[in-house]
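Numbering (UniProt numbering), first residue to last: 1 to 149. This report refers to the structure that appears directly beneath it.
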Amino acid sequence: MSNAITLARLPDDVEPVLLSNTYQNGVTIFKSISELYQDLDGLFDFGAPTLPAITQCPSNYLNRAAYLWLNQLFNQLQDVLNDLISRFNSYGIVGAPNYTDTPQINLWQPKTLGFADYKININNNWQSIEDKLNGCYLYIAPYLKEGVS
1 MSNAITLARL PDDVEPVLLS NTYQNGVTIF KSISELYQDL DGLFDFGAPT LPAITQCPSN
61 YLNRAAYLWL NQLFNQLQDV LNDLISRFNS YGIVGAPNYT DTPQINLWQP KTLGFADYKI
121 NINNNWQSIE DKLNGCYLYI APYLKEGVS
């Protein structure tokens, strides 16, 4: 059984840590998604998918290459997380109070090379991802307890 995640937030001085924070959180998110797929596979024996690899930014500087990498990574995170949410919904593993399908996630993606609005928007992405993944952990937990059918 998997555990809930907490993602590191960007500090006020974003520029020195933006790329490392995004990469490290991406690795944490993919690990969490993989664990949730393994939990689902243990219940339904469907064969957990192989997730694509997360690549590190090809640049050490905040430039066009970093901008393109950030867009690619957030798009990849959104796609992989939405695939997991679709799988949860297809098996009816949803949560209280109304037990309806979990909505897909829509992450913010950089639109300009200016990094002024990145902190708040990326931190909002981290919060949205945490909420979705931690919700999935809560939804699947009762099914993973021994003696529950």
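Backbone N, C-alpha and C define an ideal beta-carbon position, used for all residues, glycine too.
A buried status is given to R87, since no fewer than 16 other beta-carbon atoms sit within 10 Å of its beta-carbon. If you compare the alpha carbons of I29, L107, Y67, P58 with that of P52, the shortest gap goes to I29. In the DSSP assignment, G95 falls outside any alpha helix (DSSP H), carrying neither H nor E. In the structure shown, S32 adopts helical secondary structure according to DSSP, grouped into three states.
Taken atom to atom, the span from the alpha-carbon of Y143 to that of L43 is near 8 Å. Rounded to whole angstroms, S59 and V94 show a C-alpha spacing of 40 Å. Residue range 118-144 is occupied by the alpha helix (DSSP H) that includes A141. Between the alpha carbons of D12 and G47 lies a distance of about 42 Å. For T112, the three-state secondary structure derived from DSSP is coil.
K132 sits close to L81, with the two beta carbons spaced by under 8 Å. Between T102 and I120, the gap from beta carbon to beta carbon reaches 8 Å or more.
Between F74 and the set G26, T6, A96, the nearest pair of CA atoms involves G26. A buried status is given to Y139, since no fewer than 16 other beta-carbon atoms sit within 10 Å of its beta-carbon. For D83, the secondary structure class from DSSP, reduced to helix, strand or coil, is helix.
Taking the Cα positions, R9 is about 9 Å away from T22.
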